[in-house]
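Chains as they are written, first to last, in my numbering: chain G, 4 to 323; chain F, 59 to 359; chain R, 2 to 256; chain Y, 66 to 305. Even glycine gets a Cβ: it sits at the ideal position worked out from N, Cα and C. None of the values given here were measured: they were computed from a predicted structure.
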Amino acid sequence: MIQPKTIALIITTGILVSLPHFLNPYWVDVLNNIGIYAILGLSLNIIVGHTGLFNLGHASFYAVGAYTAAILNTKYQIPILWLIPVCGLSAGLFAMIIARPIIHLRGDYLCIVTIGVNEIVRIALINNVFGLTGGSNGIFGIDRPNVFGMTIRTPMEFYYLILVFGAVTIFLFRQLEYSRFGRALNYLREDETAAEGSGINTAHYKLAAFVVGAVWAGMVGNIYAAKMTIISPESFAFWESVIIFAIVILGGSGSIPGVILGAVLIVGLPELFRDLASARMFFFGAAMVAMMIFRTQGILPPRPRQYALPQNHASEEGGK
Amino acid sequence: MEQFLQQLTNGLAVGSIYALIALGYTMVYGVLKLINFAHSELVTLGAYLGLTLLTSFALTDRMGPLLGILLLAVMVMGLIALVGAMLDRVAYRPLRQSPRLSAVVSALGASIFLQNTIMLIYGARFLNYPHDILPKMTIHMMGIDVPLVRILILFVSLVMMGGLFFFIQKTRIGTAIRAAAIDQGAAKLMGIDVNRVVLLVFLVGPALGGAAGLMLGLYYGQINFTMGWSYGLKAFTAAILGGIGNIPGAMLGGLLLGVIEAMGATYISFAWKDAIAFLVLILILIVRPTGLLGERVAEKV
Amino acid sequence: MTLLSVSRLTKSFGGLMAVNSVSFEVASDSVVGLIGPNGAGKTTVFNLITGIYRADQGEILFKDKSIVRLPTHRIISQGIARTFQTIRLFQNLSALENVLAGCHCQMKSGVIASLFHTPRQRREEKMALEEAMEALAFVGLDSSAMQLAKNLSYGKQRLLEIARALATRPSLIVLDEPAGGMNEYETWQLVALIEKMKERGITVLLIEHDMSLVMKVCENIVVLEYGSKIAEGTPDEIKTDPRVIEAYLGVEEDD
Amino acid sequence: MIDMLLEIVDLHVSYGNIEVLHGINLKVAQGEIVTILGANGAGKSTTLLTISGLVRAAKGAIYFDKTPLHKLHAHKVVKEGIAQVPEGRRVFGTLTVQENLNLGAFVSRDSARVKRTREWIHQLFPILAERRHQLAGTLSGGEQQMLAIGRALMSEPRILLLDEPSLGLAPLLVKTIFQTLRQINETGVTVLLVEQNARAALKLANRGYVLELGKIVLEDEAKALISNPEVQQAYLGGIA
């Protein structure tokens with residue numbers, strides 16, 4: 004007996020794998036952007052959606068990853084994909100250092116600090132900090148990634164790289180949702196005092212949420228650097244953080260399918276209205292307001308987790 | 059010493075503009091616990107409307123610089139107040155009972171919408187305020203020559219802040235606003251119509267923001283549709299620095315931030331000017347998590 | 002043997018003395034009641050014991066070790082569990098997941114194990130599920146396991162809080178008005194539940210307004226008034242203590 | 066039959082999915098002191114909050130002197146002549162005592178009358194006159210309770226709703242406050258009092274209702290309730 008869920012999964016995979024063959028390179032590249040933002044959204048979802056922490060500076064973690072990749076690749080010629088874990092670690096370390104002293108701040112104070120960190124990072128990059136970041140022109144000449152001897156160049160080739168990375172992310176984050184760690188984040192979001200009162204080290208988990216989200220954003224930064232071969236500070240401004248944040252909340256805070264759908268809508272839809280050119284953002288802003296008003300919980304809010312209950316309880320008639 | 063005093067007056071003038079903008083953030087936050095991200099666009103709109111009204115009615119030519127600008131300011135403030143009230147009606151009021159993050163995204167959306175509306179109307183290029191509105195005078199004080207516009211901005215801002223302070227502290231309606239910010243339920247039990255308090259806050263805050271936009275146009279001479287963003291962010295920082303929701307805190311935070319920034323740009327590094335403000339903010343929040351004048355609230359369990 | 006010992010505990014809020022030099026002891030395997038008029042400082046004492054507030058002065062010993070400076074989650078994992086006066090469940094999560102929160106401090110898997118679902122993590126998860134279901138069954142809620150907490154009745158929400166607390170495997174459980182919002186049947190169930198906890202070797206400290214419940218289940222009663230302890234003793238002693246009668250029954254007018 | 070000042074008919078109230086009041090019926094006549102007794106969580110506060118319009122009724126009606134209150138916004142209810150002293154006082158902590166009192170008279174436009182009312186309140190609670198420039202948050206619990214009552218009286222209500230005025234106060238202070246409530250009632254203000262301190266409340270009141278889990282289970286003259294064995298058992302302390 005094949006379950007409907009399995010069939011749906013097979014069909015989706017089939018569509019995703021064959022999709023680029025029906026599209027021109029421009030649209031494949033749009034899909035690549037959607038993929039990158041979807042993974043960024045999923046990483047922010049850990050912090051905002053699951054833990055309820057108000058982070059409007061996620062692009063700074065993304066930036067640290069991208070610049071780590073760019074610097075190590077251009078200076079030491081280390082193959083770019085090898086650097087993925089290094090990028091994750093550097094972004095995670097950065098998150099740990101900055102989040103530690105501010106993690107106890109209440110919601111809106113945390114929000115402005117994350118915006119501030121985002122700005123500080125951008126300004127530091129522009130000012131060619133430590134003489135490494137190349138100032139406002141950024142870093143160029145980043146190597147193309149190489150997988151098993153094949154160099155990845157075309158949008159279609161990148162498509163599969165991003166697809167694999169996205170699939171791994173979704174798989175792991177779903178596992179995370181169904182775990183002690185994932186639940187702890189949710190307890191925190193629901194009621195911090197009750198969570199602490201149930202024996203959960205809330206400060207630790209807040210920090211951990213930040214670090215996990217940052218590690219992933221850092222790894223995406225690597226892929227982005229490899230795809231663009233040139234990166235500059237303006238790609239990591241506050242505006243990027245807003246987009247990622249909107250993807251999470253609009254799609255459905257705390258829900259993996261929701262966040263992916265959010266990325267499709269926020270990154271994909273404006274492409275459909277390219278003819279509107281300069282009025283595009285005007286409609287985009289209006290749509291954000293309208294969507295929040297008509298679907299306050301996001302388009303696909305999370306569904307309750309299902310558990311396989313132990314046999315002796317599942318069938319029992321309780322309440323005696 | 060001369061440079062120090064120049065920077066001090068410059069910082070105070072810019073800081074007073076920050077403070078005016080910060081008041082809009084802090085008043086809305088105080089009553090609704092909402093960060094009105096679109097407030098910065100109201101500042102931009104104030105700058106553009108100021109320019110439009112100035113050139114289309116030639117106010118300063120007809121009435122002389124001071125009176126003309128005064129009338130201009132009144133008109134700008136009135137119009138921006140209306141836009142502010144509309145903003146609340148359309149983008150925020152339907153979300154009063156919703157999760158707070160939804161309201162934040164709505165605010166961000168409204169901000170993008172307004173910014174691009176301005177861009178579609180006025181274009182993406184920088185526009186210039188006429189050079190000759192205010193006489194190019196300097197006033198000699200404390201051994202330095204201070205431009206008239208600087209003194210004017212500081213003076214007018216302080217008058218407005220004083221007026222607001224008096225309104226909030228001494229009048230019946232002002233006390234009602236403070237009460238609603240402390241405890242909406244208890245305020246309702248006093249017979250205060252909290253919806254009208256919110257409306258009022260969305261009239262007064264934007265009016266001050268509009269005035270700030272006009273001042274920015276006059277002070278720097280150049281305006282752009284994205285200008286509100288960075289001033290808005292600074293002002294929001296100032297509001298947090300002073301303790302968000304706290305009106306004297308916003309004033310103090312604004313002035314302080316203006317001075318810190320001016321000094322930082324001169325004595326530390328101009329390129330790092332914007333980062334210095336945030337760095338100071340972070341350091342202060344680490345020591346005082348609810349800002350300089352914010353209350354320490356112990357959660358009731 | 003003394004399990005919990007509170008001595009000269011003091012806490013004030015903005016000049017208001019909420020708890021004023023309160024001392025008492027809780028013996029192992031006993032049920033102790035903390036009573037007093039509303040606002041006497043009972044809940045504050047609980048919040049001090051569980052580290053939610055920091056004491057201004059005084060000492061709290063649990064199993065002969067000081068816990069007065071420990072953060073809440075450490076106190077919980079040392080073996081003190083609690084419920085809240087105003088129910089504080091994770092409203093948007095299922096009853097089962099609420100109880101799994103209590104299992105948290107018995108589990109070990111961290112972020113890596115959670116990402117990769119290592120065999121150990123799977124075993125641990127399975128055991129936690131079983132334990133959570135057992136705690137739910139213990140309070141009679143196993144048939145509501147998959148319901149969201151916010152959809153349960155008040156009485157059931159109280160029981161769910163107790164189940165969550167029990168899942169931390171405490172040796173002492175502090176219950177803040179467990180019978181609040183319960184009907185007569187549910188209150189009766191609660192009495193039975195407290196007896197069952199005692200059989201399991203769990204010591205109970207409770208705040209309660211329902212005097213018939215307190216008199217029925219408590220072996221020892223501490224009476225607070227206006228932040229200070231005014232009496233301590235067995236139910237019979239407390240019933241006849243003139244100070245308690247005066248404080249508890251309110252104003253005795255002579256007219 | 067006496068005309069009822071306040072009449073609650075079949076009132077149902079829900080928070081989210083949970084119904085907390087299951088059809089309350091309650092009447093208060095002009096000039097009476099009526100008390101509602103009940104344990105924590107019985108729905109006493111909810112009843113008062115619904116009268117004041119802070120909580121919406123799911124079903125049922127509330128009439129005040131024949132005006133339907135359940136359709137009014139909270140701020141309009143005050144104008145009808147209803148003032149509430151909420152549970153936990155809820156004074157505006159960062160405002161001064163004077164400002165708190167003035168807010169109580171927010172609906173009143175006649176400044177001469179406001180001044181007279183304030184003088185009367187200063188007579189009732191001299192400490193409030195003494196501390197008029199102090200921030201309300203710095204007052205002691207008892208003083209805050211007095212301020213909350215004074216603040217409610219500033220609107221010159223026809224009925225005063227009080228939610229647990231004895232909460233956290235020393236017996237002597239409770240006595241003072243209850244005596245003042247009687248004084249206030251003697252000036253013609255009707256009182257509806259929610260209390261856990263059953264004995265004190267019943268001594269003060271003419272009539273009482275007992276609320277249990279969102280339902281009225283008993284209703285009688287106060288004197289009868291004091292000697293009712295069930296009430297004695299449940300609310301006058303099973304201790305005695």
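Serine 13 of chain R is outside the set of residues whose beta carbon lies under 9 Å from a beta carbon in chain Y.
Inter-residue distance for alanine 212 of chain G and valine 101 of chain F is about 36 Å (C-alpha atoms, whole angstroms). Look at alanine 182 of chain F here: in three-state DSSP terms it is coil, with no helix or strand label. The Cβ of leucine 178 of chain F sits closer than 9 Å to at least one Cβ of chain G. Within chain F, the residues whose beta carbon sits less than 8 Å from that of glutamate 122 of chain G are Leu291, Asp332, Ala333, Phe336, listed in sequence order.
Between isoleucine 76 of chain R and serine 67 of chain R a beta carbon distance of about 11 Å is seen, past the 8 Å cut, so the two are scored as non-contacting. Only Asn39, Gly40, Ala41, Gly42 from the segment 39-58 of chain R bring a Cβ to less than 9 Å from some Cβ of chain Y. Close CB contacts of valine 338 of chain F within its chain, under the 7 Å cut and outside five residues either way in sequence, are with Ile318 (chain order).
The Cβ-Cβ distance between isoleucine 147 of chain Y and leucine 189 of chain Y does not fall below 9 Å. Residues of chain Y with a Cβ closer than 7 Å to the Cβ of glutamate 178 of chain R are, in chain order, Asn105.
Neighbours of isoleucine 340 of chain F across chain G, judged by C-beta separation under 9 Å: Ile101, Pro104, Ile105, Val116, Gly119, Val120, Ile123. Serine 172 of chain R: not part of any beta strand (DSSP E); DSSP gives it neither H nor E. At a cut-off of 9 Å between beta-carbon atoms, asparagine 250 of chain Y makes no contact with chain F. In the three-state DSSP reduction, asparagine 149 of chain G falls in the strand class (E or B). In the DSSP assignment, arginine 103 of chain G falls within the alpha helix (DSSP H) that extends over 87-105. Where glutamine 149 of chain Y is concerned, the enclosing beta strand (DSSP E) starts and stops at 147-150.
C-alpha of tyrosine 325 of chain F to C-alpha of methionine 200 of chain F: approximately 21 Å in a straight line.
Put simply, the backbone Cα of lysine 109 of chain Y is about 7 Å away from that of leucine 276 of chain Y.
Around leucine 134 of chain Y, the same chain offers Ile116, Gly118, Ile127, Tyr128, Val142, Glu145, Ile147 as residues with beta carbons nearer than 8 Å, after the five sequence neighbours per side are excluded. The criterion of a C-beta distance shorter than 9 Å is satisfied by leucine 253 of chain G and methionine 294 of chain G. For asparagine 221 of chain R, the enclosing beta strand (DSSP E) stretches over residues 221-226. Within a 10 Å sphere around the beta-carbon of asparagine 82 of chain Y sit fewer than 16 other beta-carbons, which makes this residue exposed. In the structure shown, tyrosine 128 of chain Y falls within a strand segment according to DSSP collapsed to helix, strand and coil.
Bounds of the alpha helix (DSSP H) holding glutamine 244 of chain Y are 236-251.
Note on geometry: alpha-carbon atoms of tyrosine 83 of chain F and glycine 267 of chain F lie some 9 Å from one another. For isoleucine 75 of chain F and valine 262 of chain F, the gap between their C-alpha atoms comes out near 15 Å.
Three or more pairs of CB atoms, one per stretch, sit closer than 8 Å, so the segment 162-171 of chain F contacts the segment 144-153 of chain F. Taking each of G:Ile42, G:Ala102, G:Gly221 in turn and checking the Cα distance to glycine 91 of chain G, the smallest one comes out for G:Gly221. Less than 9 Å separates the beta-carbon of valine 33 of chain R from that of isoleucine 222 of chain R. Taking CB atoms only, serine 154 of chain R has a neighbour in chain Y less than 9 Å away. In this structure, the alpha-carbon of alanine 122 of chain Y lies about 43 Å from that of methionine 309 of chain F. According to the DSSP assignment, glutamate 286 of chain Y belongs to the beta strand (DSSP E) that extends over 280-286. Nearest CB-CB separation between lysine 91 of chain F and chain Y: not below the 9 Å threshold. Those residues of the segment 155-180 of chain F placed with their C-beta closer than 9 Å to a C-beta in chain G are Gln155, Ser156, Pro157, Arg158, Leu159, Ser160, Ala161, Val162, Val163, Ser164, Ala165, Leu166, Gly167, Ala168, Ser169, Ile170, Phe171, Leu172, Gln173, Asn174, Thr175, Met177, Leu178, ordered along the chain.
Among the CB atoms of chain G, one or more fall inside 9 Å of the CB of histidine 118 of chain R. Under the criterion of beta carbons closer than 8 Å, threonine 54 of chain G and arginine 156 of chain G do not qualify as touching, at roughly 38 Å.
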